[in-house]
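Undergrad:
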Amino acid sequence: MVIKSIDTKTIVAKFAVNGKNVHPEAVKLILSCELDKETVIDYACRKCNGAFIITPEDIKAVLEELRKNISFEVKEKEPEIKTKEKTQKSEIQILKDITGKSTCRGTVEDFVVYFNSRFDKIYSILKPRMKAIPIGSLGKIKAEEVEIIGFADNVREIDANKAMFELEDKTGRIRVYGEGKVKEQVMELLGDEVIGVAGRLRGRSVIAERIIFPDIPMSNGNKRKKDFSVVFISDIHFGSNTFLKEEWNKFVRWLNMESEDERLNELAESVKYIFIAGDVVDGVGIYPDQEKELEIMDIYAQYEFAGEQLDLIRKDIKIILSPGNHDAVRQAEPQPALPKEFSSLFPKNVIHVGNPAYVVVDGVKVLLYHGRSLDDVISRIPRLGYEKPHEAVIELLRRRHLAPLYGERSPIAPEKEDYLVIDDIPDIIHTGHVHTYGTGFYRGVFVVNSSTWQSQTEFQKKVNLNPMPGNVAVYQPGGNVYRLKFYSG
Ligand code: D5M
Ligand code: FE
Ligand code: ZN
7 MVIKSIDTKT IVAKFAVNGK NVHPEAVKLI LSCELDKETV IDYACRKCNG AFIITPEDIK
67 AVLEELRKNI SFEVKEKEPE IKTKEKTQKS EIQILKDITG KSTCRGTVED FVVYFNSRFD
127 KIYSILKPRM KAIPIGSLGK IKAEEVEIIG FADNVREIDA NKAMFELEDK TGRIRVYGEG
187 KVKEQVMELL GDEVIGVAGR LRGRSVIAER IIFPDIPMSN GNKRKKDFSV VFISDIHFGS
247 NTFLKEEWNK FVRWLNMESE DERLNELAES VKYIFIAGDV VDGVGIYPDQ EKELEIMDIY
307 AQYEFAGEQL DLIRKDIKII LSPGNHDAVR QAEPQPALPK EFSSLFPKNV IHVGNPAYVV
367 VDGVKVLLYH GRSLDDVISR IPRLGYEKPH EAVIELLRRR HLAPLYGERS PIAPEKEDYL
427 VIDDIPDIIH TGHVHTYGTG FYRGVFVVNS STWQSQTEFQ KKVNLNPMPG NVAVYQPGGN
487 VYRLKFYSG
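Numbers 7 to 495, taken from the numbering used here, label the letters of the sequence shown in order.
#1: Report yes if the C-beta of isoleucine 333 is less than 6 Å from at least one heavy atom of the ligand FE; otherwise report no.
#2: Please state whether DSSP places asparagine 477 in a helix, a strand or coil.
#3: Measure from the alpha carbon of phenylalanine 117 to the alpha carbon of each residue in Gly413, Gly485 and Ser240, then state which is nearest.
#4: What residues are listed by DSSP as bridge partners for leucine 373?
#5: Can you check DSSP and say which residues form a bridge with aspartate 165?
#6: Using only CA atoms, which one of Asp285, Asp295, Glu297 and Asp322 lies nearest to tyrosine 309?
#7: Assign glutamate 215 to one of three DSSP states: helix, strand, or coil.
#8: Between isoleucine 323 and isoleucine 280, is the Cβ-Cβ spacing less than 7 Å?
#9: So, at 8 Å on beta carbons, what are the nonlocal neighbours of leucine 144 in its own chain, with the 5 sequence-adjacent residues on each side left out?
#10: So, with DSSP's three-state summary, where would you put glutamine 341?
#11: Indicate the three-state DSSP secondary structure (helix, strand or coil) for glutamate 70 in the structure shown.
#12: Taking the continuous beta strand (DSSP E) assigned at arginine 206, which residues delimit it?
#13: Return helix, strand or coil for proline 85, following the three-state DSSP convention.
#14: Do glycine 360 and isoleucine 128 have their beta-carbon atoms positioned less than 7 Å apart in this structure?
#15: If you drop the 5 nearest sequence neighbours on each side, which residues of the same chain put their C-beta closer than 7 Å to that of glycine 245?
#16: So what does DSSP say about valine 356, is it helix, strand or coil?
#17: Less than 6 Å separating the Cβ of aspartate 126 from some heavy atom of the ligand FE?
#18: Given cysteine 54, which residues of its chain have a CB within under 7 Å of its CB, disregarding the five upstream and five downstream residues?
#19: Less than 7 Å separating the beta-carbons of lysine 232 and proline 483?
#20: Under a Cβ-count criterion, where at least 16 other Cβ atoms within 10 Å of its own Cβ denotes burial, should glutamine 315 be classed as buried or exposed?
#21: Return the chain-ordered list of same chain residues with a C-beta closer than 6 Å to the C-beta of threonine 458, the five sequence neighbours on each side being excluded.
#22: For glutamate 253, name the three-state secondary structure that DSSP assigns.
#23: For aspartate 42, report the span of its beta strand (DSSP E) as first-last.
#24: Taking 7 Å as the threshold (C-beta atoms), are threonine 445 and histidine 396 in contact?
#25: Would the segment 121-137 count as touching the segment 192-202 if we require 3 or more Cβ pairs under 8 Å?
#26: Start and end of the beta strand (DSSP E) containing asparagine 122?
#27: Provide the residue(s) that pair with valine 152 in DSSP beta bridges, ordered along the chain.
#28: Beta carbon of aspartate 381: closer than 6 Å to some heavy atom of the ligand FE?
#29: Could you check which residue in Asp13, Ile36 and Tyr49 has the C-alpha nearest to that of threonine 248?
#30: Can you tell which of Ile147, Arg259, Val478 and Gly106 has the C-alpha that lies nearest to the C-alpha of proline 345?
#31: According to DSSP, is serine 350 helix, strand or coil?
#32: By the DSSP assignment, the beta strand (DSSP E) with phenylalanine 315 in it spans what residues?
#33: Mind checking whether the beta-carbon of alanine 243 lies closer than 6 Å to any heavy atom of the ligand ZN?
#34: One question on the structure: do glutamate 421 and cysteine 110 come within less than 7 Å of each other, judged by their Cβ atoms?
#35: If you measure between the beta carbons of isoleucine 325 and valine 365, is that distance less than 7 Å?
#36: So, at 7 Å on beta carbons, what are the nonlocal neighbours of glutamate 535 in its own chain, with the 5 sequence-adjacent residues on each side left out?
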């Protein structure tokens, strides 16, 4: 239920919908507070889950918590943000982006060309590390030890200790068996990734000794510390009735250096770039019955609101924005940037790019990807989970591909070149989509999955997806990672 103008009756009704009675004094407290009323009610219902009557004391505690300062966590070392010498000029370069270059029509021929591009790109990553021979020549050689590269598919478990799959290159196809530790790796193969195999030839099949992922090199060396910070957010879902206005406002106030804590203001001052990894608006007609969960029904009005909100952020910050599956561009990846009709509604400091996109800001290379494939990766690899989304992103890095599974929940547009291959090693990979928060480092790459500004939707309730809204990663390239929490639920 969306409350437009709020009075005693609507407050009582809103509590009743959540199965709760509310004390008249508690209603008065809500009516007279400066905070967003709906947020207060939602939070009170969540906090007092077992209670039947919401008392004035309950509301006082809720108000106090909501007014509380943003909670602040520093990962890694102590903060030492130096902002004085911050280089004011921003240098932004868009390296790779499908926008304006799409040629695909989705024919069978297009898919052949697309998968050939995927194969060639990943083959050229694996080739220098191996002594691979064409699969078609395996029948003609005498050697027992062999190395091959191909698309892995048809993974099957044989017994508790053994699995098999098939490997195909342009010259042939062969069965590969894996046991023990190798079996475990085989069971995590997703279906359309290009890998290398080192093993022994046994008749018409190969017994794998090693699975070689294209992966990224062990270390990208020591990165020079930058004198600015970057903020990572995604999945704002402007227009949704579960959009967390109060938390969002708190975030904007922090960026504009209006916090009470000087350390927080100092951190905010160091922010030079904000990356937004898609689902900027909730969209229209994205899933059945979505209109019941929208506050803004019209897509144009949603983007207008998004533009107004981003306009509140101080203008020396450059915002790099790419779309997600709720945005008004084609669903299949790679997605182009928002069309002019919508991008023109944003302030001038917003730079629109496609999904995925490689963007270099002051020498820091950021790979920006909404993250739709993470649902597939998490559901296929049992040791992964939504509560640690960055670990799923690491699996993408190991496979050097942003959507290694074709045909499940990640629709792909068959472009002539596979834009989803991670052919360049970024300094930072930023994803979103799953609405949970996680950061980490993998072989020198900062991995960040930003959370959301939407509380749990009806749909997410049904599938037991617990979002972690209002968590913001702030990273000083080469330095500290900070986690700011704007949501106290
Ligand atoms: O997706 C937010 C999260 O919710 C993401 O992990 C996918 C999940 N989700 C959303 N819709 C569906 C459907 N229809 N099936 C399965 N999982 C879903 P968002 O892109 O914000 O909607
Ligand atoms: Fe989303
Ligand atoms: Zn999404």
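Glycine included, every Cβ here is placed at the ideal spot set by N, Cα and C. The structure presented is a predicted model; accordingly, all values stated were derived computationally and were not measured.
TA: The structure says:
#1: Sequence check: residue 333 is aspartate here, not isoleucine. Every heavy atom of the ligand FE is 6 Å or more from the Cβ of aspartate 333, so no.
#2: strand
#3: Gly413
#4: Tyr364 and Ile435
#5: Lys168
#6: Asp285
#7: strand
#8: yes
#9: Val152, Ile154, Gly178, Ile180, Leu207 and Val212
#10: strand
#11: helix
#12: 200-208
#13: Bear in mind that the predicted position of proline 85 carries a pLDDT of just 44, short of 50, making it unreliable; the figure below should be weighed with that in mind. Looking at proline 85 - three-state DSSP - the assignment turns out to be coil, as it is neither helix nor strand.
#14: no
#15: Val287, Asp288, Leu300, Glu301, Ile302, Gln308 and Phe311
#16: strand
#17: no
#18: Ile60 and Asp64
#19: yes
#20: buried
#21: Asp241, His441, Pro473 and Pro475
#22: helix
#23: Segment: none, aspartate 42 is in no beta strand (DSSP E) and carries neither H nor E.
#24: yes
#25: yes
#26: Asparagine 122 -> not in any beta strand (DSSP E); alpha helix (DSSP H) instead, spanning 114-132.
#27: Gly205
#28: no
#29: Tyr49
#30: Gly106
#31: coil
#32: Looking at the sequence provided, one finds glutamine at residue 315 rather than phenylalanine. First-last for glutamine 315: 305-317, but that is the alpha helix (DSSP H), not the beta strand (DSSP E).
#33: Reading off the sequence, residue 243 comes out as histidine, not alanine. No, since every heavy atom of the ligand ZN falls outside the 6 Å radius drawn around the Cβ of histidine 243.
#34: yes
#35: no
#36: This structure leaves residue 535 out entirely; the chain is present only between 7 and 495.
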